[in-house]
Amino acid sequence: MEAGRSPNIEILSNADFLGLDGKAGDFTAKVRLRPRYIDADKCTACGLCTKYCPRHLVDEYNEGLALTRPIHIDYPQAVPATYFIDPDACMHLQHGTCKICVPVCRSKAIDFDQKAETRQINVGAVIMSPGFGRVPEEALTKYSYGDHPDVVTSLEFERLLNPSGPFMGEVRCISDKRHPKNIAFIQCVGSRDLGCNNGYCSSVCCMYAIKEAMVAKEHDPDCEITVYYMDMRTQGKDFDAARTRAEEQFGIKFVRAKVADVMPWERQLKLTYATMDGKHHFEGYDMVVLSVGLDSPADAKNLAKTGAFDLNHYDFCKTSTFAPLASSHDGVLVAGAFQGPKDIPESVTQSSAAAGLVSGLIKKQRGKGVVTKTYPDEQAVAEDDEVRIGVFVCHCGINIAGVVDVAKVANYAGEMEDVTYYAESLYSCSQDAQEVLKQRIKEHRLNRVVIAACSPRTHEPLFQETLKDAGLNRSLFEMVNIRDHCSWVHANEPAAATDKSMDLVRMGVAKARNIKPLPEQTVPVTTKALVLGGGIAGMTAALNMADQGFQTYIVEKNGQLGGQLLKQHYTLQGDKVADLVKDVTGKIKKNKLIEVFTDADLSAVNGFVGNFTSTITVGKKETSVDHGIIVVATGGKYHQPETVLGAKLPDSKAIVTQNELEKQLAGKGKTRAPKSAVMIQCAGSRGDDLAYCSKTCCNDAVKNALKIKEINSASQVVVLYREMRTYGYAEDAYREAREKGVIFIPYAKDQMPKIDKKGAKAEVSFHDPILLEDVTIAPDQVILSVGIVPEDTEDISKLLKIPINADRFFLEAHVKLRPVEMPVAGVYVCGLAHAPKPLDEIIVQAQAAAAKAAIPLVKGYVSVEPTVSNVDKDACIGCGLCESLCPYKAIQIHKIDKKRKAETIVASCKGCGICASHCPTFAISMGGFTDEQITAQIKAFGEMREE
Amino acid sequence: MSEEFNPKVLGFLCNWCCYAAADSAGVSRYQYPPNLRTIRVMCTGRLDPAFVLKGFAEGAAGIFTGG
Amino acid sequence: MAQAKNKGAGAVMVVGGGVAGVQAALDLTELGYYVYLVEKSAAIGGAMAQLDKTFPTNDCSL
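Chains A, B and C, in that order, give the protein sequences.
Residue 1 is where the first sequence starts when you use the numbering used here, and the numbers rise one by one after that.
Residue 1001 is where the second sequence starts when you use the numbering used here, and the numbers rise one by one after that.
Residue 2001 is where the third sequence starts when you use the numbering used here, and the numbers rise one by one after that.
In structure tokens:
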């Protein structure tokens, strides 16, 4: 994770948050730093100390399934990459003995004199993201967890699946190390369970259970896996498709049943469960996985007291629907699972959103605290300068040197042409090695540096930084990976590994010989934003952009702002939607930085990140605006289904949608609530007109059912559903609805209810799986829970060259880690245009999009990796092949002196090189990956040595 | 030909996926035969068919592209 | 990297160094703020560092 490298992030690990004084914009926080007993600047994370430490300790990182030592690091990629000593287990710290680690450490990093330190830190705002805690023990023990080793939690199972886990990625029973022949997953452990005061749904367990089951199947296709569930809540974008894949491709069984208990049974475990019809069954399993929920963090109450904010009744941070990330303490925001159980993309979205809100809150302080690094002037390296290569071969402690003969590799490099200097290095990434590297560059006037060590993906930036410090262009660098790709994977073949290292170094040096310095390119940015769509997503994004100080245009195709919100009346949480609309549109009107175009169309977009020029058409009038970024918030609308429950929908006035019902219920008439109603979930969705789940319809059904009951408690409401997906806190409302007498009856996909027209009424026939009978009722109203479809995404997709998925929603750049960015730089997405989601999630996503979109505007420029493409104008024949192939819209044909020539838009170029490999005249070269360099590498590959 | 068969394979690895995968194979200490020599590219889209031919001409027993 | 100097109100404190905290910290620096990332355990990463692969694409989590 890149957080470790930013000069503007100070990681205070092993630290406790102790106090918060002052007010928003001027807080003083108190933090205690517990000692690590290891000097972080000296520790090279070689791991020698752990090898020598004599005492065993249960490894919590591996969920207690493996052993480690009191002096250790949780996992090799940990940040900070510094070992630490667990004071509760260390023999020296507990008993004053041992201290074997002190002489063992070659870099003298161990320091038992370190003391706890308390710091007072002045900050403008605080973001709480402490994550989640573990569900109570009693939720697990009722399934024999703790009594039998083969009952494991899903987190433990996750570690079993992992190659760095206790059995090196093999799934084995903990009892006797045999491979399990069958595994059962039990869902909702510690969730939807009032027994342990966790009435909410944890929202992630269904997904991770499916994932773990699929991965387990990949490990052992013969292993039978059954998932016991109440409702499979795979409501997220494209999640249903993964569930179908699990069932159809992987052969994972899903059984809707309540598991009564799990008992040891000879070598196996006996699982007793009750199906819908009330029958009990039992089955033997080799292993049982408990899909544990997310609880509030163990120290939630303390954190709330320290930070002076409120918790909700489940001890998560209390927030509201319209300001989902604001805690009750002004200036203290919340993000991630502490706001409510959620998955990674939603956590990441909330984090960005919180960052954007903070950025608006303390706008005046922007840039005042940051550190900007300065570098010496760059030394010029001309074309015909003598090539002076320095090769540094790293031991990486014993990681490389334990397998590869490092001296032999270094000496071999020393004999190569143009290599002026070569050396071995114990840890080339350590602080002192960087200093040595700088000195050697100067002493030997090196103008190319080759480091044979680990992966450029993790360490190239570090060494390039050192090159810059030494006054060298950072492109004059090549890394050869003799650890991850060699010593670690050929641990038992030292001779072959040494051989391979020598070959790789030879190829690296051959490339280095052909490296040329590349200019650092930056592109200036127009610090204005364009938001497409004036619904709640667009308005929220625009307001946040304006709060952060940027002029923003909103383009709305209708006559007024508000979008779908204008059709809604109340939320499941009981908030009045009209209040929100009034509040937000009022703020937008007052904000001088926001300009609104209504009845408007975006008719043309030109340019690229930082420099867009768009044409906005209102009637016949065209306005041209310049802007740096685009937020796409074009929204969605209720689907009007033709096919419902696999059949054509009959035409009847008694059949309405949830939204129509909502309008009716929000009125004033005394008889506005139907005396009897049947709600049909997934009407038109999940296999009818639409393939996907719209995430919000179950909540809407519960919301309206409760409203009917509130108006007339004698009304009879039946909800026919496939799975009630009232995830998160909405589970409370679902429970309340059942308590108030709303009848929820599930139907199966192969046994769908039927809607018929009968006179003025509509009739619904369905199978009742509890009574095991077919039932027909003719209620006052049949209410369809219809899905949500995106609006006009195809047109926008063509206009902006951004992709849409099979369901016509926009497809984000990375589902997990970049959920609001589009693959085209400078374009962001939020709201229903991305996927169906409830109001609070839309607001958060819009705030996140605004935060991400503000980044290039804050910087004022877009910096470009030097690996972009470069067109030789003389050689270019203007054929346009590159323009048509570029997946990022990053190369365009222009007329220069009446001749067609390709030109790279460096700000959009990702360096993939498709243009270069297809150019018929070899006119395009890639920075750092030129034809000459790659050809030289291939040639060097061929120069096999004779032993 | 009593010598052990020991071919040299030349690989072109995409920085974002296959190179990253090879890194994590290392982190996980997966063991595989030491016959591969790799060239990192930013995307396998960078591959000019000429690179493949050149690789064979230089004596590669096989060419591996991972992207 | 230990800077003892106080960064004042141009700084933000992020409590919790899991994926949410780290993402917030990264975005804040890009938006022009200095960040103190407070984590109670010895390394940042939180629960995500324990995950093998992630749903629904089964990508690697690190």
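For glycine and all other residues, C-beta sits at the position ideal for the given N, C-alpha and C.
Could you name the residues of chain C that residue i contacts, counting a contact when the two beta carbons are closer than 7 angstroms?
i	result
Phe17/A	Val2015, Val2038
Phe84/A	Ala2042
Ala354/A	Ala2024
Arg36/A	Ala2042
Should residue i be labelled buried (16 or more other beta-carbon atoms within 10 Å of its own) or exposed?
i	result
Met944/A	exposed
His444/A	exposed
Gln781/A	buried
Val1987/C	Because chain C here runs from 2001 to 2062, residue 1987/C falls outside it and cannot be looked at.
Gln339/A	buried
Pro920/A	exposed
Tyr721/A	buried
Tyr1032/B	exposed
Ala308/A	exposed
Lys442/A	exposed
Gln845/A	buried
Lys648/A	exposed
Pro2056/C	Residue placement at Pro2056/C is flagged as unreliable, the pLDDT there being 42, under the threshold of 50; the coordinate-derived value follows with that caveat. Buried.
Ala257/A	buried
Arg178/A	exposed
Thr2054/C	Any reading at Thr2054/C needs caution, since the residue's pLDDT is 48, under 50, leaving its predicted position unreliable; the model's value is listed next. The residue in question, Thr2054/C, is buried, as its Cβ has 16 or more Cβ neighbours within 10 Å.
Met1/A	Note that Met1/A scores a pLDDT of 44, beneath 50, so its modelled location is shaky; the value from the coordinates is reported in the next line. It is buried - the Cβ of Met1/A has at least 16 other Cβ atoms within 10 Å.
Leu160/A	buried
Met168/A	exposed
For residue i and residue j, which I take to be in contact (beta-carbon distance under 8 angstroms), what is that distance rounded to the nearest angstrom?
i	j	result
Gly563/A	Ile536/A	6 angstroms
Ile186/A	Val288/A	7 angstroms
Cys693/A	Asp343/A	Their Cβ separation, rounded to whole angstroms, is 15 angstroms, which puts Cys693/A and Asp343/A out of contact at 8 angstroms.
Ser752/A	Leu645/A	The amino acid at residue 752/A is misidentified as Ser; the sequence shows Met. 4 angstroms between Cβ atoms; contact.
Val868/A	Val906/A	5 angstroms
Val858/A	Gly2032/C	5 angstroms
Gly2010/C	Gln560/A	In fact, because the Cβ distance is near 39 angstroms, the residues do not count as touching under 8 angstroms.
Asn591/A	Ala546/A	5 angstroms
Lys253/A	Val227/A	7 angstroms
For the beta strand (DSSP E) holding residue i, just list the boundary residues, first then last.
i	result
Tyr861/A	861-864
His569/A	Segment: none, His569/A is in no beta strand (DSSP E) and carries neither H nor E.
Glu493/A	Careful: Glu493/A lies outside any beta strand (DSSP E) and carries neither H nor E.
Pro790/A	788-790
Gln933/A	Unbroken run through Gln933/A is the alpha helix (DSSP H), 931-942; no beta strand (DSSP E).
Phe17/A	15-23
Asp59/A	57-59
Gln431/A	From DSSP, Gln431/A is part of no beta strand (DSSP E) but of the alpha helix (DSSP H) over 431-443.
Ala677/A	676-683
Glu266/A	Unbroken run through Glu266/A: none, as it is neither H nor E.
For residue i, go through chain A and note every residue whose CB falls closer than 7 angstroms to its CB, in chain order.
i	result
Pro1034/B	His490, Glu493, Ala496, Ala497, Lys500
Can you pull the chain B residues whose beta carbon is under 7 angstroms from the beta carbon of residue i, in chain order?
i	result
Lys939/A	Glu1058
Under 8 angstroms Cβ-Cβ, which residues of chain A neighbour residue i?
i	result
Ala1021/B	Neighbours of Ala1021/B on chain A: none; closest Cβ ~10 angstroms, over 8 angstroms.
For residue i, return the contacting residues in chain B, with the cut-off set at a CB-CB distance below 9 angstroms.
i	result
Asp405/A	Ordered by position in chain B, no residue passes the 9 angstroms Cβ test against Asp405/A, which lies about 14 angstroms from the chain.
Leu504/A	Arg1037, Thr1038
Which stretch, first to last residue, makes up the alpha helix (DSSP H) that contains residue i?
i	result
Cys1018/B	1018-1027
Asp756/A	Careful: Asp756/A lies outside any alpha helix (DSSP H), inside the beta strand (DSSP E) at 754-758.
Thr349/A	344-361
Ser797/A	793-800
Could you list which residues in chain C have their beta carbon closer than 9 angstroms to that of residue i, in chain order?
i	result
Val300/A	Per the sequence shown, residue 300/A should be read as Ala rather than Val. Going along chain C, no residue has its Cβ under 9 angstroms from Ala300/A, so there is no contact; the nearest lies around 11 angstroms.
Ser694/A	In chain order: nothing, as chain C lies at least about 17 angstroms away.
Which chain B residues are close to residue i, counting only those with a beta carbon under 8 angstroms from its beta carbon?
i	result
Arg159/A	None at all; the shortest Cβ gap to chain B is about 13 angstroms.
List the residues of chain A that residue i touches, going by C-beta distances under 9 angstroms, in chain order.
i	result
Cys1017/B	Near Cys1017/B there are no residues of chain A at all, since even the closest Cβ is about 11 angstroms away, more than 9 angstroms.
Problem set entry | Where the segment 1050-1066 of chain B meets chain A: residues whose CB sits under 9 angstroms from a CB there | Of all residues in the segment 1050-1066 of chain B, only Ala1050, Phe1051, Lys1054, Gly1055, Ala1057, Glu1058, Gly1059, Ala1060 come within less than 9 angstroms of chain A when Cβ atoms are compared, listed by chain position.
Problem set entry | Selection of the segment 467-491 of chain A by Cβ proximity to chain B, strictly under 7 angstroms | Result list: Arg483, Asp484, His485, Trp488, Val489, His490, Ala491.
For this session: Compile a chain-ordered list of the residues in the segment 32-56 of chain A whose CB is closer than 7 angstroms to at least one CB of chain C.
Result: Correct list: Arg36.
Exercise. Going along the segment 434-461 of chain A in order, which residues come within less than 9 angstroms of chain B, judged by CB to CB distance?
Worked result: Going along the segment 434-461 of chain A in chain order, one finds Cys454, Ser455, Pro456, Arg457, Thr458 with a Cβ nearer than 9 angstroms to chain B.
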